[in-house]
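For reference, the structure is listed below as structure tokens.
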Amino acid sequence: MDEAPEIRNLGEGKYSFLEGRQRYTLTTALGEERFVRIVSAIQELVSSFPPTLSQEERLF
119 MDEAPEIRNL GEGKYSFLEG RQRYTLTTAL GEERFVRIVS AIQELVSSFP
169 PTLSQEERLF
């Protein structure tokens with residue numbers, strides 16, 4: 119991906135990030151390295167969706 123997502127450190131190992139128009143918040147305390155791997159996996163998954171899918175279809 120070309121852009122780095124906006125990642126907010128909420129403290130105590132909790133993070134929030136924006137992918138497209140959707141904000142994801144992980145409230146389970148994680149180490150920074152593990153969190154970055156999770157964000158990368160989510161970005162890869164979301165980018166693989168066909169652009170014609172609606173937001174509702176992406177949630178399934």
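Last residue of the sequence shown: number 178 in our numbering, and the count goes up by one each step with no gaps. Here a beta-carbon is modelled for each residue, glycine too, at the ideal position from N, C-alpha and C. Quick caveat: nothing in here was measured; it's all calculated off a predicted structure.
Under 8 Å between C-beta atoms of residue i and residue j
{"i": "Arg126", "j": "Tyr133", "result": "yes"}
{"i": "Leu144", "j": "Phe153", "result": "yes"}
{"i": "Ile160", "j": "Glu137", "result": "yes"}
Assigned secondary structure, residue i (DSSP; H/G/I helix, E/B strand, else coil)
{"i": "Arg141", "result": "strand"}
{"i": "Leu163", "result": "helix"}
{"i": "Ser172", "result": "coil"}
{"i": "Asp120", "result": "Bear in mind that the predicted position of Asp120 carries a pLDDT of just 46, short of 50, making it too unreliable to give a figure here."}
{"i": "Glu130", "result": "coil"}
Sheet register partners of residue i (DSSP bridge)
{"i": "Phe135", "result": "Ile125 and Tyr142"}
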